[in-house]
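Q: Before I ask anything, here is the structure I am working with.
2 protein chains.
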Amino acid sequence: MGVVGLREQKKLATRQALAWAALRLAVQRGLDNVHVEDIAAAAGVSPRTYNNYFASKQEAICSITVDRAELIGDALLARPAGEPLVEALAAAMLTFYQPPAELDREWVAATQLVMRSPALRGEALKAVEATERRLAQAIAQRCGLDVERDLYPLVVAAVVSGAARAGIHHWQQSGTTAEFGDVLASAIRMGLGGIGGERA
Amino acid sequence: MGVVGLREQKKLATRQALAWAALRLAVQRGLDNVHVEDIAAAAGVSPRTYNNYFASKQEAICSITVDRAELIGDALLARPAGEPLVEALAAAMLTFYQPPAELDREWVAATQLVMRSPALRGEALKAVEATERRLAQAIAQRCGLDVERDLYPLVVAAVVSGAARAGIHHWQQSGTTAEFGDVLASAIRMGLGGIGGERA
DNA sequence: AGCCATCTTGCGTGACCCGCATCTTTGCGT
DNA sequence: ACGCAAAGATGCGGGTCACGCAAGATGGCT
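Chain order of the listed sequences is Y and B. Our numbering runs 1 ahead of the 1-based position in the first sequence. Our numbering runs 1 ahead of the 1-based position in the second sequence.
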């Protein structure tokens, strides 16, 4: 029982296979040129099985981000306890949004796809919301607050998340030459610093 | 040409009729107990026409909020120029989120419906995003900045919007006895005040 | 009045989501 | 090692939906 059952391993494996297949195909061909049948085939399961895992193509694709949401809480909690909250948050967000170097191209393409296609943006925003929830929980834990009773963690999580989103949007919209990480950090500090802050 | 053509009036009318019909029916029966046919019938058009206006039931329902997004920019720009930005934003958000007194009950029910149903939350978040965009634009205008080039308006808009969302969530989650407007204002000030602020 | 652009509508198609019944695989106790 | 119960995978079928297309109706302009 200590080991995770083979059953769940397989289940998780197919789940991720489906998710990645959906993402890859969608990036290649565009969302509505890829059918459920294709995704299922790429993952080696029947179309019906696909629907046991995901209720829609969008959900399949965005489940990757949703699963990654766990990571951001861990990233925050891994920061040294003495570090100022702002810095800890900036660092955590950076590790979360900075794509792994090997996947760089693909990841950017995926992000663009997900954010441009109206059909995907809704689900993508749900993923952002999930990330926010996890973040709020981690913030509460770090500050010794209760995410159910206290408003503070929710607000901070929403602020950080929103600022980051603004930074990302701004980075990939205005053809800035600045480094992605710098823009992101700048946006987060701007958001957390309050309104009187610098207006870079 | 000065007057809006009868044609466009009618078009707008049916559009809103469809949107409100969709919302009302969804609140009454639950989203998946209401079919496109019902919505179209309630608005007095054919089902096919319904699809000329909206690509999905969710879009129909949330279009109300999207249309309302225009309002929030106007609300901000209507604030006196001397007022501190924080206060102006708080006031604008309040007028936006505070439901019209007559619609109180229905509006709360609608909000709950939209936020609970997974099928609607995605589209609802897109509406929030639209509101943010409008807000950013208004902020830029008020501060004499360029929403395309400057990061500041985007961040502030995202922060305010996020803080407000957190406040709303917190208000309707933890059975606070506090007034809605107070919680909202508190959340917004907390968000805009920066991290060092009070932790009410 | 008459014409054109635009909107509405009906029909048909393809895709999708999911309930249900069945078959296969896995985990576990003996 | 063996067999049984639980859980997952699959096939089938139904209900819904989004949308292209072409024809009909309506507003607006001269």
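Positions of the beta carbon are idealized from the N, C-alpha and C atoms, including for glycine. Note that the structure is predicted; figures quoted are calculated from it, not measured.
Please decide whether V160 of chain Y counts as near chain B, where near means a Cβ-Cβ distance under 8 Å.
A: Against the first sequence, residue 160 of chain Y aligns to sequence position 159. So, interface residue.
Q: Using a C-beta to C-beta distance shorter than 7 Å, which residues of chain B count as neighbours of A164 of chain Y?
A: Taking the first sequence and counting its residues from 1, one reaches residue 164 of chain Y at position 163. The contacting residues are V156, A159, V160.
Q: Residues of the region 124 to 135 of chain B with a CB closer than 7 Å to any CB of chain Y: list them in chain order, please.
A: Residues passing the 7 Å Cβ filter: E124, L126, K127, E130.
Q: Counting only Cβ-Cβ distances shorter than 8 Å, please list the residues of the region 79 to 99 of chain B near chain Y, keeping chain order.
A: Listed by position, the residues of the region 79 to 99 of chain B near chain Y (Cβ gap below 8 Å) are L86, V87.
Q: Say whether chain Y places a C-beta atom closer than 8 Å to the C-beta of G145 of chain B.
A: The count along the second sequence starts at 1 and reaches residue 145 of chain B at position 144. False, the Cβ-Cβ gap to chain Y never drops below 8 Å.
Q: Compare the beta carbon distance of A158 of chain Y and A137 of chain Y with 8 Å and say whether it is the shorter of the two.
A: For the purposes of this step, residue 158 of chain Y is identified with residue 157 of the first sequence, where counting begins at 1. For the purposes of this step, residue 137 of chain Y is identified with residue 136 of the first sequence, where counting begins at 1. A contact, by the Cβ cut-off of 8 Å.
Q: Given a threshold of 16 other Cβ atoms within 10 Å of its Cβ, counted over all protein chains shown, does H36 of chain B qualify as buried or as exposed?
A: Here residue 36 of chain B refers to the residue found at position 35 when the second sequence is read from its first residue. It is exposed - the Cβ of H36 of chain B has fewer than 16 other Cβ atoms within 10 Å.
Q: Report yes or no: is there a C-beta of chain B within less than 8 Å of the C-beta of A201 of chain Y?
A: If you number the first sequence from 1, residue 201 of chain Y lands on position 200. In this predicted model, A201 of chain Y has a pLDDT of only 44, less than 50, meaning its place in the structure is not dependable; the value taken from the coordinates is given anyway. Chain B contact via Cβ: present.
Q: Looking at the C-beta of M116 of chain B, does it have a partner C-beta in chain Y at a distance below 8 Å?
A: Here residue 116 of chain B refers to the residue found at position 115 of the second sequence. No, M116 of chain B lies away from the interface with chain Y (no Cβ there is under 8 Å from its Cβ).
Q: Should L185 of chain Y and M116 of chain Y be called a contact, given that it needs their Cβ atoms to be closer than 8 Å?
A: Taking the first residue of the first sequence as 1, we reach residue 185 of chain Y at position 184. Taking the first residue of the first sequence as 1, we reach residue 116 of chain Y at position 115. Not closer than 8 Å, so no.
Q: Determine the closest residue to Q142 of chain B out of B:A41, B:D75, B:A61, with distance taken between C-alpha atoms.
A: Within the second sequence, the letter at position 141 stands for residue 142 of chain B. When each option's Cα is compared against that of Q142 of chain B, the closest is B:D75.
Q: Using a beta-carbon distance below 8 Å, is I196 of chain B in contact with chain Y?
A: Within the second sequence, the letter at position 195 stands for residue 196 of chain B. So, interface residue.
Q: Considering only their Cβ atoms, is the gap separating A188 of chain Y from V156 of chain B smaller than 8 Å?
A: Working through the second sequence from its first residue, we reach residue 156 of chain B at position 155. Working through the first sequence from its first residue, we reach residue 188 of chain Y at position 187. Contact flag set, yes.
Q: Can you pull the chain B residues whose beta carbon is under 8 Å from the beta carbon of E149 of chain Y, in chain order?
A: Counting from one through the first sequence, the residue named residue 149 of chain Y turns up at place 148. Residues of chain B passing the Cβ test: Q174, S175.
Q: Once the 5 residues before and after K11 of chain Y are set aside, which same chain residues still bring their CB inside 7 Å of it?
A: By 1-based counting over the first sequence, the position of residue 11 of chain Y is 10. Here the set comprises nothing.
Q: Run through chain Y and tell me which residues come within less than 7 Å of H171 of chain B, C-beta to C-beta.
A: In the second sequence, residue 171 of chain B corresponds to position 170, counting from 1. Within chain Y, the residues near H171 of chain B are L152, L155.
Q: In three-state DSSP terms, what is A170 of chain Y?
A: Numbered from 1 along the first sequence, position 169 holds the residue referred to as residue 170 of chain Y. For the sequence presented, residue 170 of chain Y should be read as His rather than Ala. If DSSP states are grouped into helix, strand and coil, H170 of chain Y belongs with the helices.
Q: Using beta-carbon positions only, say whether I73 of chain B and A20 of chain B come within less than 8 Å of one another.
A: Position 72 of the second sequence holds residue 73 of chain B. Position 19 of the second sequence holds residue 20 of chain B. For I73 of chain B and A20 of chain B, no; Cβs fall outside 8 Å.
Q: Beta-carbon of A167 of chain Y versus every beta-carbon of chain B: anything under 8 Å?
A: Here residue 167 of chain Y refers to the residue found at position 166 when the first sequence is read from its first residue. Yes, because at least one Cβ of chain B sits closer than 8 Å to the Cβ of A167 of chain Y.
Q: Pull up the distance between the alpha-carbon of R69 of chain B and that of E124 of chain B, whole angstroms please.
A: Taking the first residue of the second sequence as position 1, residue 69 of chain B is located at position 68. Taking the first residue of the second sequence as position 1, residue 124 of chain B is located at position 123. In a straight line, the C-alpha of R69 of chain B is about 15 Å away from that of E124 of chain B.
Q: Residues in the same chain with beta-carbon distance under 6 Å from D183 of chain Y, minus the five sequence neighbours each way, listed in chain order, please.
A: Start at 1 with the first residue of the first sequence, and residue 183 of chain Y comes out as number 182. Here the set comprises nothing.
Q: Return the CA-CA distance between L146 of chain Y and I196 of chain B, expressed in angstroms with no decimal places.
A: For the purposes of this step, residue 146 of chain Y is taken as residue 145 along the first sequence, with counting starting at 1. For the purposes of this step, residue 196 of chain B is taken as residue 195 along the second sequence, with counting starting at 1. Each residue's alpha carbon lies about 15 Å from the other.
Q: Under a CB-based cut-off of 8 Å, is A188 of chain Y close to chain B?
A: On the first sequence, residue 188 of chain Y is found 187 positions in, with the first residue counted as 1. True, the Cβ-Cβ gap to chain B drops below 8 Å.
Q: Could you name the residues of chain B that R122 of chain Y contacts, counting a contact when the two beta carbons are closer than 7 Å?
A: Against the first sequence, residue 122 of chain Y aligns to sequence position 121. Within chain B, the residues near R122 of chain Y are K127.
Q: Between A89 of chain Y and the rest of its own chain, which residues show a CB-CB distance below 7 Å, the 5 nearest in sequence each way excluded?
A: For the purposes of this step, residue 89 of chain Y is taken as the residue at position 88 of the first sequence. Contacts found: L77, R80.
Q: Going straight from the alpha carbon of A43 of chain Y to that of I140 of chain B, what length do you get?
A: The count along the first sequence starts at 1 and reaches residue 43 of chain Y at position 42. The count along the second sequence starts at 1 and reaches residue 140 of chain B at position 139. Computed Cα separation, rounded: 47 Å.
Q: Indicate whether at least one CB of chain Y lies closer than 8 Å to the CB of L278 of chain B.
A: No information on residue 278 of chain B is available, as it lies outside the stretch 2 to 201 that chain B covers here.
Q: Who are the Cβ neighbours of Q113 of chain B in its own chain at under 8 Å, not counting the five residues just before and after it?
A: Taking the first residue of the second sequence as 1, we reach residue 113 of chain B at position 112. Same-chain partners within the cutoff: Q173.
Q: I think R16 of chain Y touches Y54 of chain Y, with their Cβ atoms under 8 Å apart; what is that distance to the nearest whole Å?
A: Locating residue 16 of chain Y in the first sequence gives position 15, counting from the first residue. Locating residue 54 of chain Y in the first sequence gives position 53, counting from the first residue. That belief holds up - the Cβ atoms of R16 of chain Y and Y54 of chain Y are roughly 5 Å apart, short of 8 Å.
Q: Inspect the beta-carbon positions of A110 of chain Y and V28 of chain Y and report whether they are closer than 8 Å.
A: What you label residue 110 of chain Y is simply residue 109 of the first sequence in a count that begins at 1. What you label residue 28 of chain Y is simply residue 27 of the first sequence in a count that begins at 1. In contact: A110 of chain Y and V28 of chain Y (Cβ atoms closer than 8 Å).
Q: Mapping the DSSP letters down to three states, classify Q99 of chain B as helix, strand or coil.
A: Taking the first residue of the second sequence as position 1, residue 99 of chain B is located at position 98. Here Q99 of chain B sits in coil by DSSP.
Q: Spell out whether any CB of chain Y is found under 8 Å from the CB atom of L185 of chain B.
A: Locating residue 185 of chain B in the second sequence gives position 184, counting from the first residue. For L185 of chain B, the answer is no, since every Cβ of chain Y falls outside 8 Å of its Cβ.
Q: Interface residues of chain B around L1 of chain Y at Cβ under 9 Å?
A: Residue 1 of chain Y cannot be examined here, being either before or after the span of chain Y that is shown, 2 to 201.
Q: Using a Cβ-Cβ cut-off of 6 Å (strictly less than) and excluding sequence neighbours within five positions of T96 of chain Y, which residues of its own chain qualify?
A: Position 95 of the first sequence holds residue 96 of chain Y. Hits under 6 Å: A76.
Q: Between the alpha carbons of F181 of chain B and H170 of chain B, how many angstroms are there, rounded?
A: Position 180 of the second sequence, counted from the start, is the residue given in the question as residue 181 of chain B. Position 169 of the second sequence, counted from the start, is the residue given in the question as residue 170 of chain B. One C-alpha to the other measures close to 11 Å.
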